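Read left to right, the sequence shown gives residues 1161 to 1242 (the numbering used here).
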Amino acid sequence: MIESSGDEEEADEDEAADEESDEDIPGVFTADLDVHTLLFAASLGPEPNSYRQALMCPDAAQWTKAAEEEIEAHSQNGTWGS
């Protein structure tokens, strides 16, 4: 039977701590995505920064639909009160 050394156990603990620390940083999620997903997302280009910009995009209808769905979800969830 092979026993692990204390150094190996410490390395495993350090690795686990590193993984946990990423969870505390807002916006760190890329580790959960594979390379192909990231490349595809990057190929789409920048998202509009405002509703006005979204309305000027070729896919304005999709942006409008997404905004309406988001507002409806907030309404149903009582985000803004009764």
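Backbone N, C-alpha and C fix where the C-beta goes; we use that ideal spot for every residue, glycine too. Here the structure is a predicted model, which means the values were calculated and not measured.
Supposed contact pair residue j and residue i - C-beta distance, whole angstroms, cut 8 Å
i: residue 1214; j: residue 1208; result: 4 Å
Nonlocal neighbours in the same chain, by C-beta distance under 6 Å from residue i, ignoring five residues either side
i: residue 1196; result: none
Residue j beta carbon less than 8 Å from that of residue i
i: residue 1211; j: residue 1221; result: no
Cβ shell of residue i (< 7 Å), same chain only, five flanking positions each side left out
i: residue 1217; result: 1208, 1223
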